[in-house]
Structure formats: C-alpha cells, structure tokens
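Q:
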Amino acid sequence: DAKTTQPTSMDCAEGRAANLPCNHSTISGNEYVYWYRQIHSQGPQYIIHGLKNNETNEMASLIITEDRKSSTLILPHATLRDTAVYYCISVGTYKYIFGTGTRLKVLA
Amino acid sequence: SAVISQKPSRDICQRGTSLTIQCQVDSQVTMMFWYRQQPGQSLTLIATANQGSEATYESGFVIDKFPISRPNLTFSTLTVSNMSPEDSSIYLCSVLSGSGGVYFGPGTRLLVL
Numbered sequence: 001d002a003k004t005t006q007p008t009s010m011d012c013a014e015g016r017a018a019n020l021p022c023n024h025s026t027i028s029g030n031e032y033v034y035w036y037r038q039i040h041s042q043g044p045q046y047i048i049h050g051l052k053n054n055e056t057n058e059m060a061s062l063i064i065t066e067d068r069k070s071s072t073l074i075l076p077h078a079t080l081r082d083t084a085v086y087y088c089i090s091v092g093t094y095k096y097i098f099g100t101g102t103r104l105k106v107l108a
Numbered sequence: 109s110a111v112i113s114q115k116p117s118r119d120i121c122q123r124g125t126s127l128t129i130q131c132q133v134d135s136q137v138t139m140m141f142w143y144r145q146q147p148g149q150s151l152t153l154i155a156t157a158n159q160g161s162e163a164t165y166e167s168g169f170v171i172d173k174f175p176i177s178r179p180n181l182t183f184s185t186l187t188v189s190n191m192s193p194e195d196s197s198i199y200l201c202s203v204l205s206g207s208g209g210v211y212f213g214p215g216t217r218l219l220v221l
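Written out as structure tokens, the structure reads:
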C-alpha cells in the first residue's frame, strides 16, 4: 500500500471549514483514499473514501486531484467535537498502513 | 456499517501473564484484523484473522506471542502472551464490511506492570 503524508497538526476556528490535506503521490490506480478520525484514543471512525471522483457524505467532503497524488478532506462547519487525529490512508488490499495523521484542534 | 464490541475494555496485568481479548461483530464478515496502538503512536497492523485457517501475521509479530483464533464469521480472539510492560497498548479489532469499508472496535486498553 502507498504511503501518505499529512501535516502533523492544524487548528481551525469553530464554525469554519477545516481543510485537511494529504499527499499520496505514489498511489496506484486501483487504490482508494480513505479517511478516518480517532477521538481521544477511541477506535478510529470511518469518515469517507474515494477513488478519483470527489465524494460527499453527511460528515465531510473529499476532494481528490485529477492526478490522484493528493486529496483534501473538508469538514464544512467544524465543531469542538471534531477535535481529533485524522488519518488519510491509501488502500489497495484492506491492509491499512496508518501514518501519523493530522491532529486537528478546533478552537472556540 | 458493522457494530463491533471488544472485551475487556481495559485491564491491568502482571508481567509474565497472558490476556485474551475478544472481538464480536453484529454481522458476518469475511475479514477481521487486529491492530496495536502504543502510547502516543499510530496504529500498527498485527495480523489478519482468517476464518478456518491460521492468521496471517505482519512483519515483527509472531504467532507464539499473539495467537489468534477465528472460529466463525462474527468472532475472533487475540491473546497477548507472556506480557511485559512493552505490551502496554490499545489493542483494536477491525472488520471489512460488505460495503467495502473497514470499521474499528472501541479498543482494549492494556497496562502491564
């Protein structure tokens, strides 16, 4: 599975959009991009995934660049409860290789 | 999505002993996985639990230390054997759902003294 890189930490004001970038420049054609978050040592929570098209669900939007080398997770209106570590993973075989993730802190 | 439960939720154990962690899923799933998350670290895959056959272990993990059972499509156990303080971690079970997503259990917090 390809490796992903993410910024170590980010801050976001409550009510604003949180844009979390992920670089997956070595992703292969059949690998999906998955996003998870982990709140205070709970089990990781699935957020969204995509292959090459942009995706949206009730939690977030996922924007994948045309060359698929990077993506951005968008939380449209961040709340304090969105404070968590966010993991971007490129997946081809369901063997998830977790990086260090981005620690998002939503500020009141 | 799948609903996953783990037992125990947490435990404190003495070095040299063993602990068996149970993972129960509310639906039949083909693939189950066990992860470890050491303090302040990211998640590391220990093994894939295969129904009806031996688990497939990742580099750095061996069956003698982390024996795994998968007796049916909704249940798996992970045993942490001959524990040392370095085994203090959160152990997480995850499953591959029919929709293609992987879902995680709440984790078992283990402290070895």
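As given, the protein sequences belong to chains G and E, one line each in that order.
Going by my numbering, the first sequence opens with residue 1, and the numbers climb by one from there.
Going by my numbering, the second sequence opens with residue 109, and the numbers climb by one from there.
Don't be surprised by glycine CBs; every beta carbon is placed ideally from N, CA and C.
Only counting the same chain, and skipping five residues up and downstream in sequence, which positions put a Cβ closer than 8 Å to that of Lys69(G)?
A: Correct list, in chain order: Asn23, His24, Ser25 and Ile27.
Q: Kindly identify the DSSP beta-bridge partner or partners of Asn19(G).
A: Ile74(G)
Q: If you run the structure through DSSP and keep just helix, strand and coil, what is Pro193(E)?
A: helix
Q: Suppose the cutoff is 7 Å on Cβ atoms and the five residues either side in sequence are ignored; what does the same chain contact list for Val91(G) look like?
A: Non-local C-beta neighbours of Val91(G) in its own chain, meaning closer than 7 Å and more than five positions away in sequence, comprise Asp1, Glu31, Tyr32 and Tyr34, ordered along the chain.
Q: Return yes when the Cβ of Leu218(E) is within less than 7 Å of the Cβ of Ser196(E), no when it is not.
A: Less than 7 Å separates the beta-carbon of Ser196(E) from that of Leu218(E).
Q: Could you tell me whether the Cβ of Thr100(G) comes closer than 7 Å to any Cβ of chain E?
A: The Cβ of Thr100(G) sits closer than 7 Å to at least one Cβ of chain E.
Q: Output needed for Leu20(G): all residues of its chain with C-beta closer than 6 Å, excluding positions within five of it in sequence on either side, in chain order.
A: The answer, listed in chain order, is Leu73, Tyr86 and Thr102.
Q: Since Ser41(G) meets chain E, which of its residues come closer than 8 Å, beta carbon to beta carbon?
A: Going along chain E in sequence order, the residues near Ser41(G) (Cβ under 8 Å) are Gln145, Ile198, Gly215 and Arg217.
Q: Quick one: what's got a C-beta closer than 8 Å to Phe183(E)'s C-beta in the same chain, skipping five residues either side?
A: Gln130, Cys131, Gln132 and Val133
Q: What's the gap between the Cα of Ala84(G) and the Cα of Thr8(G)?
A: 12 Å
Q: Taking Gly213(E) and Ser202(E) to be in contact with their CB atoms under 8 Å, please state how far apart those CB atoms are, rounded to whole angstroms.
A: 7 Å
Q: If you draw a straight line from the alpha carbon of Ser177(E) to that of Ala60(G), how long is it in whole angstroms?
A: A straight-line Cα-Cα distance of about 36 Å links Ser177(E) and Ala60(G).
Q: Taking only three categories from DSSP, how would you classify Gln11(G)?
A: Checking the sequence shown, residue 11(G) turns out to be Asp, not Gln. Asp11(G) falls in the strand class under three-state DSSP.
Q: I'd like to know if Tyr86(G) contacts chain E, where contact means its C-beta is closer than 7 Å to some C-beta of that chain.
A: no
Q: For chain G, is any of its Cβ atoms less than 7 Å away from the one on Leu186(E)?
A: no
Q: Would you please verify whether the beta carbon of Gly209(E) is less than 7 Å from any beta carbon of chain G?
A: Yes, Gly209(E) counts as interfacial toward chain G.
Q: In whole angstroms, what separates the C-alpha of Pro147(E) from that of Gln159(E)?
A: 30 Å
Q: Check whether chain E comes within 7 Å of Pro44(G), counting only Cβ atoms and requiring the distance to be less than that.
A: yes
Q: Tell me the DSSP secondary structure of Leu104(G) in three-state form.
A: strand
Q: Hey, how far is the Cα of Pro116(E) from the Cα of Glu166(E)?
A: 24 Å
Q: Tell me whether Ala157(E) is buried or exposed, calling it buried when 16 or more other Cβ atoms sit within 10 Å of its Cβ.
A: buried
Q: Taking all protein chains shown into account, do 16 or more other C-beta atoms lie within 10 angstroms of the C-beta of Gln136(E), making it buried, or fewer, making it exposed?
A: exposed
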